[in-house]
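The structure under discussion appears below in the form of structure tokens.
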Amino acid sequence: MSAESTDDPVFRLHRGGKMAVASTVPLTSRDDLSLAYTPGVARVCEAIAADPALVDDYTWVSHTVAVVTDGSAVLGLGNIGPRAAMPVMEGKAVLFKQFGGVDAVPICLDTQDIDGIIDTVTALAPSFGGINLEDISAPRCFEIERRLDEALSIPVFHDDQHGTAIVVLAALRNAATLLERKLTDLRVVVSGAGAAGIAVSKMLIAGGVNPAEVLLVDSRGILHSDRPDLAAPAAVAKAEMAALTNPHRRAGGITEALSGADVLIGVSGGEIPEPAVAAMAPGAIVFALANPTPEVHPDVASRHAALVATGRSDFPNQINNVLAFPGVFRGALDARATRITEGMKVAAADAIAGVVADNLHPDAFVPSALDPRVAPAVAAAVAEAARRDGVARA
């Protein structure tokens with residue numbers, strides 16, 4: 003390690019890692035040992051063997067999730083591998099604990115093979131009450147999540163997709179309310195058609211946006227069902243979105259898509275030129291979420307848009323996944339849900355929006371990531387939705 007790294011406060015904070023395992027029971031006497039371990043523990047093992055559902059009552063499973071990555075799409079760093087991904091997964095785990103009271107274990111897999119990941123996570127699943135997939139590249143992440151969701155009877159949640167989507171829907175609900183608009187009346191452009199872009203689009207449609215008024219734009223232009231490249235096997239998810247949105251088969255790039263649009267949601271990392279933003283409809287909404295460099299700088303976006311949000315903590319209205327995933331898993335675990343439904347995600351978005359709904363302001367229509375009201379509100383809404391959707395076991 004260089005001297006510069008040694009003196010760096012970031013490196014100092016990370017030395018030895020950011021988390022540890024702690025006992026929740028006393029171990030100071032022979033009686034303690036006989037209860038926590040042998041011989042007493044055998045009785046609990048026998049009870050669970052007779053009724054596997056008791057694992058939720060007598061182990062950590064009911065409050066613990068696995069944070070799983072293959073290191074293929076870590077933050078904005080790309081495919082840096084499982085070892086380099088560990089500091090991020092540790093960070094995710096401590097956020098789970100701090101904001102949701104959920105214990106989380108980082109699991110960084112030394113494989114990027116779809117079947118290998120699915121087999122490994124399936125084999126590990128009995129140790130956990132939920133699986134949080136993290137920083138797995140598209141389009142593999144879609145199949146991995148789908149197959150794990152089908153194979154397991156515990157919640158599986160790819161935060162890069164759904165966490166972002168939940169918070170975007172919450173923010174757009176409040177932004178529309180602030181501008182006295184309805185979601186059904188908004189024309190939305192999503193810049194980026196990867197994991198986050200597709201999930202955001204689906205979530206907005208589930209939340210009330212008209213799918214005919216949604217345009218997704220990737221590096222080759224607007225998605226539409228006549229694009230020949232969408233017939234490729236790797237483009238299945240994009241092809242599905244092209245069939246769901248843009249019925250008029252509008253073509254072109256981001257400039258053509260934004261002309262007259264009400265909302266821009268950037269999850270691409272690419273730069274969007276100012277003239278394209280200027281061509282949006284009056285009273286526009288811009289969520290430029292790429293980190294660390296937004297697709298449109300907030301100062302530029304504010305020249306042309308009524309409301310602006312970013313993914314950064316140094317500007318107002320940060321759209322941060324920490325507003326979603328701790329409460330989503332807390333609620334799912336509390337309900338002992340077998341999966342996470344669209345209804346649970348929409349409920350989470352409504353709860354996030356509701357935290358600040360009575361005090362909306364152009365610089366505060368998204369709750370702070372540190373607002374202690376958020377996770378409990380999300381957890382309660384998600385648990386209720388799980389019971390309503392018939393996936394709760396408690």
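Just so we're aligned, residue 3 is where the sequence shown starts under the working numbering, counting upward by one. Ideal Cβ placement from N, Cα and C applies to all residues, glycine included.
Go ahead and pull the three-state DSSP assignment for H363. DSSP places H363 in coil when its eight states are reduced to three.
CB contact flag (N1, A68, <9 Å): Beyond the ends of the chain as shown, which are 3 and 396, falls residue 1; an answer cannot be given.
Is the beta carbon of G165 sitting closer than 9 Å to the one on V269? No, these two residues do not count as a Cβ contact at 9 Å.
Residues near D412 by beta carbon distance below 8 Å, same chain, minus five either side: There is simply no residue 412 to check, as the chain begins at 3 and stops at 396 in what is shown.
Terminal residues of the continuous alpha helix (DSSP H) containing L56? Secondary structure note for L56: it is in no alpha helix (DSSP H), with a DSSP letter that is neither H nor E.
Which ranges does the beta strand (DSSP E) cover as unbroken runs of at least 3 residues, wholly within the stretch 84 to 167, from first to last along the chain? Along the length of the stretch 84 to 167, whole beta strand (DSSP E) runs at least 3 residues long occupy 105 to 110, 132 to 135 and 158 to 160, reported in chain order.
Apart from the five residues on each side of it in sequence, which residues of its chain come closer than 7 Å, Cβ to Cβ, to L188? Apart from sequence neighbours up to five positions away, the residues of its chain that approach L188 with a beta-carbon distance below 7 Å are A178, V211, E215, D264 and V265, ordered along the chain.
Backbone CA spacing between D117 and A153 [nearest angstrom]: Taking the CA atoms as reference points, D117 sits about 12 Å from A153.
Beta-carbon separation (whole angstroms), D228 vs R252, contact threshold 8 Å: Going by Cβ atoms, the distance from D228 to R252 rounds to 11 Å, so no, they are not a contact pair.
In this structure, how does DSSP classify I267 when only helix, strand and coil are distinguished? The answer is strand: DSSP assigns I267 an E or B state.
For a test of the three-state rule: what should DSSP assign to L260, helix, strand or coil? In the structure shown, L260 sits in a helix (DSSP, three-state: H, G or I).
Would you call the stretch 311 to 324 and the stretch 360 to 371 touching, i.e. three or more CB-CB distances under 8 Å? Judged by pairs of C-beta atoms under 8 Å, the stretch 311 to 324 touches the stretch 360 to 371, as three or more such pairs exist.
Along the chain, where does the beta strand (DSSP E) containing F331 start, and where does it finish? Counting along the chain, F331 falls outside any beta strand (DSSP E), though it belongs to the alpha helix (DSSP H) covering F327 to D336.
Leaving out the 5 sequence neighbours to the left and right, which residues in its chain are closer than 6 Å to A339 when beta-carbon positions are compared? If we look at A339 and ignore the five residues flanking it on each side, its Cβ neighbours are P157, A388, V393 and A394.
Could you check the C-alpha separation between R85 and S25 for me, to the nearest Å? Approximately 26 Å, taken between the alpha carbons.
Output the distance between the C-alpha atoms of V348 and A355, rounded to the nearest integer angstrom. If you draw a straight line from the Cα of V348 to the Cα of A355, it is about 11 Å long.
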